[in-house]
Structures are given as C-alpha cells and as structure tokens.
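Enquirer:
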C-alpha cells in the first residue's frame with residue numbers, strides 16, 4: 001500500500017519567516033495530495049490540495065508544489081503568523097475509494 | 113462541520129470490555145472513514161465504508177470491526193478493548209458529491225482511554 005513520509009516532525013520559525021514541510025509518497029498511482037491543519041484539540045481541516053496534473057498551487061500565503069517524477073510534494077507557508085502554529089499533515093490519495101494515507105505530521109511553532 | 117457528530121466524545125473503559133463509537137452524518141455522503149490518531153503516527157485508517165453494508169479494512173484494522181446499516185451511521189466496535197487502543201478516534205466523510213475533490217471532513221473526535 002501507499003506509504004507517506006513527512007519531514008520535519010517539528011519546526012520552529014520566527015514570525016514573518018517562511019516554513020517548508022516536505023513529504024514523499026511511494027505509490028506512483030497516487031493522484032491527489034491534500035494538506036490538513038490541526039490546531040490543538042481540534043479536528044484536522046483541509047487547507048490546500050493539489051492534483052497530479054498540476055505542479056504548483058497557491059492560495060494567499062500558502063503554496064504546494066508537486067514533483068511526480070521524484071514522488072514528493074511540499075507545503076510552503078510565507079510570512080508566518082502565530083495563528084499558523086498547528087500540526088500539519090500531508091496525505092496521498094490512491095484508489096477509487098478515496099483512501100487517504102497520511103504522513104506522521106509536522107508540529108509548526110511560530111514564535112514572536 | 114459537514115453535519116458529522118461523534119459519540120461519545122470521551123470514554124474511559126477497562127481492558128477486555130467492548131466499546132462502540134458512533135459516527136452520524138446528516139448529508140447522505142456515501143463514503144465514511146474511521147481513523148485513529150496517535151503521537152508520532154499521524155492519522156491511520158482503521159476501516160472505511162463506501163455504502164450501506166459495504167466496508168473494507170484500512171491499515172490498522174486488527175481488533176476493530178465496523179458496521180453500516182444506514183447511510184447516516186457508521187459504527188466502530190472494539191470487541192475487547194486493550195490499552196494499545198487508547199487513542200483519539202476521528203470519523204470522516206468524503207465530500208465527493210460537492211466538488212469531487214476527495215476532501216475529507218472530520219468529526220470532532222472521540223478520546224478513548226483503556227485502563
């Protein structure tokens with residue numbers, strides 16, 4: 001089955017700096033790559049996603065890039081703010097049943 | 113919240129007892145999922161359903177069973193709870209009939225402690 005690896009497990013940046021989280025996947029048939037944000041004590045929520053026919057997608061301060069050849073994708077957050085502090089999960093979708101395989105998460109802390 | 117409710121939200125039980133968690137949705141979505149969340153492991157799929165009485169195993173299904181007798185309800189059962197099943201359990205639905213993006217909407221989670 002699909003295997004998703006995510007790095008780093010923790011990331012601390014100063015407010016205003018950029019943050020990058022990287023994921024690799026194993027199944028070349030995966031075609032949908034979402035990112036979820038989970039604030040402390042809350043449920044995961046989708047923040048951005050990308051499909052395999054697109055190399056990059058941007059939504060305000062967040063962007064995701066995908067390299068299908070290397071089977072990796074990354075989340076970029078620019079001009080980080082304290083409210084960006086959370087755990088971020090990448091995921092890869094395989095199969096018609098929309099099974100999402102998640103990475104192990106990155107705890108991002110934005111310090112003042 | 114995509115009309116998803118989980119119950120109970122918190123439960124403490126003893127090893128060897130049966131436990132059932134309920135996920136209820138109000139928007140008639142076909143796909144429903146049960147994940148568990150543990151530190152260092154992220155979200156791992158236990159079981160999922162693609163319709164009434166249609167279910168399949170995920171990556172960590174041992175010790176768990178599910179049932180879906182109605183579209184709106186997806187039940188997760190631990191037949192004989194063990195301490196290793198102490199976790200936060202999230203139910204999710206796939207919003208395929210909204211934008212066909214495959215986005216999952218999660219419930220608020222159920223925290224289970226097995227003593």
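Residue numbers (the working numbering), protein chains in the order written: chain A, 1 to 112; chain B, 113 to 227. Where is the CB? At the ideal position from N, CA and C, for every residue including glycine. Predicted model only: the values in this text are computed from it and were never measured.
(1) Just to confirm, are residue 92 (chain A) and residue 36 (chain A) a CB contact at a threshold of 8 Å?
(2) For residue 210 (chain B), does the three-state DSSP call read helix, strand or coil?
(3) What's the call for residue 64 (chain A), buried or exposed, on a 16-neighbour Cβ count within 10 Å?
(4) DSSP on residue 27 (chain A), reduced to helix/strand/coil?
(5) Touch check for the segment 101-108 of chain A and the segment 159-167 of chain B: three-plus C-beta pairs under 8 Å?
(6) Reducing DSSP to helix, strand and coil, say where residue 174 (chain B) ends up.
(7) Three Cβ pairs or more, each shorter than 8 Å: is that satisfied between the segment 10-20 of chain A and the segment 178-192 of chain B?
(8) Measure from the C-beta of residue 76 (chain A) to each C-beta in chain B and report whether the shortest distance is under 8 Å.
(9) Using a Cβ-Cβ distance cut-off of 8 Å, determine whether residue 93 (chain A) contacts chain B.
(10) Grab me the residues of residue 55 (chain A)'s own chain with a C-beta within less than 7 Å of its C-beta, minus the 5 sequence neighbours each way, in chain order.
Expert: In brief:
(1) Cβ atoms of residue 92 (chain A) and residue 36 (chain A): not closer than 8 Å.
(2) Model confidence at residue 210 (chain B) stands at a pLDDT of 48, short of 50, so the residue's coordinates are unreliable; what they give is reported in the following sentence. In this structure, residue 210 (chain B) counts as helix in the three-state DSSP scheme.
(3) So residue 64 (chain A) ends up on the buried side.
(4) Coil, per DSSP.
(5) No, the segment 101-108 of chain A does not touch the segment 159-167 of chain B.
(6) Residue 174 (chain B): coil per DSSP, three-state reduction.
(7) The answer is no - the segment 178-192 of chain B does not touch the segment 10-20 of chain A, with fewer than three Cβ pairs under 8 Å.
(8) So, not an interface residue.
(9) Answer yes: the Cβ-Cβ gap between residue 93 (chain A) and chain B drops below 8 Å somewhere.
(10) Cβ within range, chain order: 65 and 66.
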